[in-house]
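In terms of this note's numbering, the sequence shown opens at residue 1 and continues consecutively. No residue lacks a Cβ here, since even glycine has one placed at the ideal position from N, Cα and C. These numbers come from a predicted model, not from an experiment. These notes concern the structure reproduced below.
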Amino acid sequence: MRRMVRANAQKDLPTLSRLMAHDADIISYGVAGRKYVGWTELEEGMRAEFANSQKLEIPIHELKVWTKGNLAWYAMELDYIRYVADGPELKRTVLPMRETGVLERRNGNWQLLSWHESFRSAQLGGPLTVPSAASSQRLVSSPETSATLDLSGEWEILEVEDDKRYKATLDKNGNGPYTQHGGRFTTTKVENRLWQGTWQQPGNDREGGFEVLLSEDGTQADGVWWYTRVGSHKNIPPREHGGTYQWKRLTPQTSAR
Numbered sequence: 001m002r003r004m005v006r007a008n009a010q011k012d013l014p015t016l017s018r019l020m021a022h023d024a025d026i027i028s029y030g031v032a033g034r035k036y037v038g039w040t041e042l043e044e045g046m047r048a049e050f051a052n053s054q055k056l057e058i059p060i061h062e063l064k065v066w067t068k069g070n071l072a073w074y075a076m077e078l079d080y081i082r083y084v085a086d087g088p089e090l091k092r093t094v095l096p097m098r099e100t101g102v103l104e105r106r107n108g109n110w111q112l113l114s115w116h117e118s119f120r121s122a123q124l125g126g127p128l129t130v131p132s133a134a135s136s137q138r139l140v141s142s143p144e145t146s147a148t149l150d151l152s153g154e155w156e157i158l159e160v161e162d163d164k165r166y167k168a169t170l171d172k173n174g175n176g177p178y179t180q181h182g183g184r185f186t187t188t189k190v191e192n193r194l195w196q197g198t199w200q201q202p203g204n205d206r207e208g209g210f211e212v213l214l215s216e217d218g219t220q221a222d223g224v225w226w227y228t229r230v231g232s233h234k235n236i237p238p239r240e241h242g243g244t245y246q247w248k249r250l251t252p253q254t255s256a257r
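This is how it looks when you write it as structure tokens:
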């Protein structure tokens with residue numbers, strides 16, 4: 001596992017390919033249920049991430065492995081630190097992650113079969129345990145009050161996978177239009193630094209949800225978005241089809257009084 005994490009930080013795709021099983025029916029889940037089926041789909045996702053990130057750092061905080069014969073299970077806590085170009089400078093984002101998964105020994109070599117990753121609580125300090133399926137489907141924020149958090153102003157939104165950028169103009173409660181198919185964000189909950197809501201795009205008849213984790217200074221946020229309806233296709237399972245968000249605040253944050 002440590003070799004795999006090191007290869008990820010070094011953007012070493014050949015090593016990652018050797019250490020991961022290529023079975024076509026293997027399913028793995030990224031943050032908030034982002035789904036990868038088979039090696040080809042995962043490889044495409046990693047290539048896009050490596051291209052979008054100027055530099056990666058992935059320090060491991062804790063790793064536990066349990067084995068039984070030719071199978072092994074692991075639970076790991078790490079920080080996924082990505083540096084992306086922001087004009088002439090590099091923007092550093094720290095994502096506190098938890099990852100669990102299954103490995104199998106094949107021809108004497110261990111290979112990663114499937115895995116699940118989610119954001120972890122920044123305040124965890126106790127023994128590492130494998131999260132339940134229900135608890136790992138939500139981003140977790142650190143315990144800071146947000147009762148007076150003002151989300152108003154202009155935000156730049158980046159859909160990472162498609163390198164698609166647009167702007168949102170929000171009121172203090174996090175509601176307002178954005179410049180993509182006549183879209184509008186509606187915030188449903190902000191607790192600690194966890195920001196949840198819905199989006200609607202009348203221009204192409206689509207809607208869905210989002211969940212992002214605000215930085216401690218409130219100037220940026222990282223997370224995910226997903227579809228719940230596309231045209232006449234309704235009841236799309238939340239968090240199953242979507243992508244990754246990066247938000248950047250363009251107007252100065254209003255100080256709480």
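In the DSSP assignment, find the unbroken beta strand (DSSP E) run with Asn331 in it and report its ends. One cannot answer for residue 331 here, as it falls past the ends of the chain, which runs 1 to 257.
Express the C-alpha separation of Gly38 and Glu191 in angstroms, rounding to a whole number. As a first step, residue 191 must be located in the sequence shown, where it is residue number 191. As a first step, residue 38 must be located in the sequence shown, where it is residue number 38. Their Cα atoms are separated by approximately 35 Å.
Compare the Cα-Cα distances from Tyr227 to each of Pro59, Glu216, Gln220 and Gly242 and report the closest residue. In the sequence shown, the residue the question calls residue 227 occupies position 227. Taking only the C-alpha atoms, the option nearest Tyr227 is Gly242.
Let me see if you follow: with CB-CB separation under 7 Å, is Asp79 close to chain C or not? Annotation note: the requested chain C is absent from the structure, which comprises a single protein chain.
Do you know offhand how far Pro88's Cα is from Lys164's? Looking up residue 88 in the sequence shown gives position 88. Looking up residue 164 in the sequence shown gives position 164. In a straight line, the C-alpha of Pro88 is about 20 Å away from that of Lys164.
Does the Cβ-Cβ distance between Tyr74 and Val65 come in under 7 Å? Here residue 74 refers to the residue found at position 74 when the sequence shown is read from its first residue. Here residue 65 refers to the residue found at position 65 when the sequence shown is read from its first residue. Yes; because the gap between Cβ atoms is below 7 Å, this pair is in contact.
At 3 residues or longer, what runs of the beta strand (DSSP E) sit wholly inside the region 144 to 178? The beta strand (DSSP E) runs of length 3 or more contained entirely in the region 144 to 178 are, from start to end of the chain, 153 to 159, 164 to 170 and 176 to 178.
Am I right that Lys167 and Thr179 are in contact with their C-beta atoms under 8 Å? What's the rounded C-beta distance? Counting from 1 along the sequence shown, the entry for residue 167 is found at position 167. Counting from 1 along the sequence shown, the entry for residue 179 is found at position 179. With 8 Å as the limit, Lys167 and Thr179 qualify as a contact, their Cβ atoms being about 5 Å apart.
Could you tell me the distance, in whole angstroms, from the CA atom of Leu149 to the CA atom of Arg184? In the sequence shown, the residue the question calls residue 149 occupies position 149. In the sequence shown, the residue the question calls residue 184 occupies position 184. Taking the Cα positions, Leu149 is about 20 Å away from Arg184.
Measuring straight from C-alpha to C-alpha, what distance separates Ile26 and Ser114? Here the question's residue 26 lines up with position 26 in the sequence shown. Here the question's residue 114 lines up with position 114 in the sequence shown. Those two C-alpha atoms are separated by around 6 Å.
Check the DSSP bridge columns for Ser215 and list the partner residues they point to. Walking along the sequence shown from the start, residue 215 turns up at place 215. Looking at the DSSP assignment, Ser215 forms no beta bridge with any residue, so it has no partner.
Alpha-carbon spacing of Glu216 relative to Arg193, whole angstroms: Your numbering for residue 216 matches position 216 in the sequence shown. Your numbering for residue 193 matches position 193 in the sequence shown. A straight line joining the alpha-carbon of Glu216 with that of Arg193 spans about 8 Å.
Look up Asp23 in the DSSP assignment and give the residues it is bridged to. Mapped onto the sequence shown, residue 23 falls at position 23. Looking at the DSSP output, Asp23 sits in no beta bridge, so it has no partner there.
When the Cα atoms are used, what is the spatial distance from Ser17 to Glu57? Here the question's residue 17 lines up with position 17 in the sequence shown. Here the question's residue 57 lines up with position 57 in the sequence shown. Rounded to the nearest whole angstrom, the CA to CA distance from Ser17 to Glu57 is 19 Å.
Quick one: is Gln246 buried, meaning 16 or more other Cβ sit within 10 Å of its Cβ, or exposed? To locate residue 246, count along the sequence shown from 1; it is residue 246. With a threshold of 16 other beta carbon atoms within 10 Å, Gln246 meets it and is buried.
With 16 other Cβ atoms within 10 Å as the buried cut-off, status of Glu211: Start at 1 with the first residue of the sequence shown, and residue 211 comes out as number 211. With 16 or more Cβ atoms within 10 Å of its Cβ, Glu211 is classed as buried.
How should Arg249 be labelled, buried or exposed, when 16 other C-beta atoms within 10 angstroms of its C-beta is the threshold for buried? Along the sequence shown, one-based indexing puts residue 249 at 249. When all chains shown are included, Arg249 counts as buried.
Where do the N-terminal and C-terminal ends of the alpha helix (DSSP H) with Gly38 fall, by residue? As a working mapping, residue 38 is identified with position 38 in the sequence shown. It spans Gly38 to Asn52 - the alpha helix (DSSP H) in which Gly38 sits, taken as one unbroken run.
Backbone secondary structure at Gln137 - three-state DSSP: One-based indexing of the sequence shown puts residue 137 at position 137. With a pLDDT of 37 at Gln137, under the threshold of 50, the modelled position of this residue cannot be trusted; read the value that follows with caution. Looking at Gln137 - three-state DSSP - the assignment turns out to be helix.
Can you tell me which of Gly174, Asp205, Arg3 and Glu44 puts its alpha carbon nearest to the alpha carbon of Gly182? The residue labelled residue 182 in the question sits at position 182 within the sequence shown. When only C-alpha atoms are compared, the closest one is Asp205.
Check for me: the beta strand (DSSP E) holding Met76 runs from which residue to which? For the purposes of this step, residue 76 is identified with residue 76 of the sequence shown, where counting begins at 1. Its beta strand (DSSP E) spans residues Leu71 to Asp86.
Would you please state the rounded distance, in angstroms, between the beta carbons of Ile81 and Val5? I believe it to be under 8 Å. The count along the sequence shown starts at 1 and reaches residue 81 at position 81. The count along the sequence shown starts at 1 and reaches residue 5 at position 5. Not confirmed; about 12 Å, so no contact.
Give the C-beta separation of Ser118 and Arg98 to the nearest angstrom, bearing in mind that I take them to be a contact with Cβ-Cβ under 8 Å. Translated into the one-based positions of the sequence shown, residue 118 becomes position 118. Translated into the one-based positions of the sequence shown, residue 98 becomes position 98. About 5 Å; that satisfies the 8 Å criterion.
Give the DSSP bridge partners of Arg98, in chain order. As a working mapping, residue 98 is identified with position 98 in the sequence shown. In the DSSP output, where bridge partners are listed per residue, Arg98 has Glu77 and Ser118.
Beta carbon of Gly218, beta carbon of Gln253: below 7 Å? In the sequence shown, counting from the first residue as 1, residue 218 sits at position 218. In the sequence shown, counting from the first residue as 1, residue 253 sits at position 253. Gln253 is positioned such that its CB atom lies closer than 7 Å to that of Gly218.
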